[in-house]
Structures are given as structure tokens and as C-alpha cells.
Amino acid sequence: MVQFDRRIGPAVQFDRAELDEMVQRWVDENKRCESLGDWKPLAEMYTEDATYGWNYGPKDDFMAVGRDEIRDLALGQEMDGLEGWEYPYQQFVIDDRSGDVIGFWKQVSERTRDDGTHYQVTGIGGSWFRYGGNFQWSWQRDFFDFGNVSSLFLEMITNNAMSDGMNARIQRATSGRLPGWYPVGKAPVPLW
Numbered sequence: 052m053v054q055f056d057r058r059i060g061p062a063v064q065f066d067r068a069e070l071d072e073m074v075q076r077w078v079d080e081n082k083r084c085e086s087l088g089d090w091k092p093l094a095e096m097y098t099e100d101a102t103y104g105w106n107y108g109p110k111d112d113f114m115a116v117g118r119d120e121i122r123d124l125a126l127g128q129e130m131d132g133l134e135g136w137e138y139p140y141q142q143f144v145i146d147d148r149s150g151d152v153i154g155f156w157k158q159v160s161e162r163t164r165d166d167g168t169h170y171q172v173t174g175i176g177g178s179w180f181r182y183g184g185n186f187q188w189s190w191q192r193d194f195f196d197f198g199n200v201s202s203l204f205l206e207m208i209t210n211n212a213m214s215d216g217m218n219a220r221i222q223r224a225t226s227g228r229l230p231g232w233y234p235v236g237k238a239p240v241p242l243w
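As numbered in my numbering, the sequence shown has no gaps in its residue numbers, which increase by one up to the final residue, 243.
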């Protein structure tokens, strides 16, 4: 009997070694892009019809549909200003039955406080991926603690620790609704 998962259709079995290799390729490419300060090359690790989104508090969802939007919006527009930030993965959970992978990461700034500690978002951050074959993701949803992100950014603003790029990012975000941003529940594909 074939099990059915209403999110993705009939259950399929994925090769565990292939999923492990996908995760390692992803981590390696993330590290490379962090060192460049440019995450757009990661777009090649998504299928052409992939979707990538997240919720940002009680009013806003972000959604990029297709590899081009993922490159331009999720990895371009939304990462612009985060140069010097790192997202080290701490752990992965891999389900070779569904192809789902959950990666838990931290968000750490190169900037430091007076005591020498790095500005870092507390709480749990992560990404939920769905494997699409051919060493590409077909689906990604990020999750993080909105309250802790807001608190950290407010602390950095108060301490004059924001980079020029981060200040420009905040100014762009507060100047009106940017491409890819939707009222909660109004994105072109569901968050869940």
C-alpha cells in the first residue's frame, strides 16, 4: 500500500546517500557565498519552479516563486545588507521517505559588542527544504523568532552597530511593500 502525504502526493523513497550529499553541497555553497557576501549563486541549487518563503510576524509573508525570483528577491533583495553575517548550520534532520530536510542555523553578525561578543539572533532559526532531485531543492520555508530578530536589530541600531548596508536595507523595507512581500495568507502559493 502506498502511503499518501497530502502536501506532496504519494510517498516516495529517496536515496539517503544522495540526500546527505545534497546537504553537504548546500553547506559548502552557503559558506562560499557567505565569504563572497553574495548569496545569489545559491539559486542554482533550486529547481526552476521552486518556491521559497517565510513569515515575518503577524502581518507579512515573503514568497519567491521560481528560480529567478529566488535569485533576485530571496537571495538578492532580502540578503542585501547582510554582508558580513554568517548562518552556520548546527544540525540537520533528514527524512529519506519524504525528501524533507530541516536545517537549524544561527544568524551571527561580524559586528561585536563592547564586551567582544558578536551580535547574534537568539532563539531557533532554520530552513525546511524539500528535495527535488538532481541536487536541487524544490521547496524551502525559513523559520526564526521574529521577536528576537527585532530585538537584536533594535539593540544594534541603539549601539550604532548597523553597517551602512543594513541601514539601507531597513530604509528600503520601511519605504513601502517590496516585491515578494504579501499580507499574511495572500502570497501566490501557500506558506504551508
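The beta carbon of each residue, even a glycine, is placed where N, CA and C say it ideally should be.
Note that the structure is predicted; figures quoted are calculated from it, not measured.
Query	Result
Using a 10 Å radius around the Cβ and a threshold of 16 neighbouring Cβ atoms, would you call I145 buried or exposed?	buried
Mind reading off the beta-carbon distance from S178 to T98? Whole number of angstroms is fine, and I expect it under 8 Å.	That belief does not hold up - the Cβ atoms of S178 and T98 are roughly 16 Å apart, past 8 Å.
Closest by CA to E129, which one among S201, R220, V235, P234?	R220
Just to confirm my understanding: we take R223, look at its own chain, exclude 5 residues before and 5 after, and list those with CB closer than 7 Å. What are they?	L229
Suppose contacts are defined by Cβ-Cβ distances below 8 Å. Is N106 in contact with D100 by that definition?	no
Would you mind sorting W232 into buried or exposed? The rule is 16 or more other CB atoms within 10 Å of its CB.	buried
With a threshold of 6 Å on Cβ separation, who are the neighbours of K91 within its own chain once the five nearest residues in sequence on each side are excluded?	R122, L126, G127
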